[in-house]
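Asks: Supplied in structure tokens, the structure appears directly below.
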Amino acid sequence: MNCYANLVSKHWTLVQSTKEYLRNYFIKCDLQQYFCVFLSLRQILFL
1 MNCYANLVSK
11 HWTLVQSTKE
21 YLRNYFIKCD
31 LQQYFCVFLS
41 LRQILFL
């Protein structure tokens with residue numbers, strides 16, 4: 001049980017740090033980049 005709890009807490013830490021990283025990344029990206037990504041996604045989806 002202790003091993004399992006350790007695993008879960010490690011996984012949780014990883015998830016938290018990943019979320020933090022992504023949030024910081026998206027804050028740093030400017031709107032123009034968002035727009036480009038949005039347009040390219042639309043092109044991919046509606047080919």
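Every letter in the sequence shown is one number past the one before it in the UniProt record's numbering, and letter 1, counting from 1, is 1. For each residue, glycine too, the CB sits at the ideal point set by N, CA and C.
1) Return the CA-CA distance between Phe35 and Glu20, expressed in angstroms with no decimal places.
2) Quick check: the Cα distance between Gln33 and Asn24, rounded to an integer number of angstroms?
3) CA-CA distance, Val8 and Ser17?
4) Hey, how far is the Cα of Leu22 from the Cα of Cys3?
5) Can you tell me whether DSSP reads Phe35 as helix, strand or coil?
Replies: Reading from the atomic positions:
1) 22 Å
2) 15 Å
3) 14 Å
4) 29 Å
5) helix
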